[in-house]
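Residue numbers (the numbering used here): 31 to 69. What follows is a single structure, written as structure tokens, with notes after it.
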């Protein structure tokens, strides 16, 4: 979930961008890991 991702990133990256692109990338990676044949 977004709150879990934000908590994991806390203290590691600057929050000035709001992590939006990073959140999108984490969700995409998680989807691809759980569904390896999907594009």
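Backbone N, C-alpha and C fix where the C-beta goes; we use that ideal spot for every residue, glycine too. Note that the structure is a prediction, hence the values are computed from the model and not measured.
For residue 37, which residues in the same chain have their Cβ closer than 8 Å to its Cβ, ignoring the five residues on either side in sequence? Indexing the chain shown from 1 puts residue 37 at position 7. No residues qualify anywhere along the chain.
Is the Cβ-Cβ distance between residue 35 and residue 53 less than 7 Å? What you label residue 35 is simply residue 5 of the chain shown in a count that begins at 1. What you label residue 53 is simply residue 23 of the chain shown in a count that begins at 1. Contact flag set, yes.
Measure from the alpha carbon of residue 48 to the alpha carbon of each residue in 65, 67, 32 and 62, then state which is nearest. On the chain shown, position 18 is the one that residue 48 refers to. The shortest Cα separation from residue 48 among 65, 67, 32 and 62 belongs to 32.
Backbone CA spacing between residue 42 and residue 56 [nearest angstrom]: Taking the chain shown and counting its residues from 1, one reaches residue 42 at position 12. Taking the chain shown and counting its residues from 1, one reaches residue 56 at position 26. When rounded, the distance between both Cα atoms is 15 Å.
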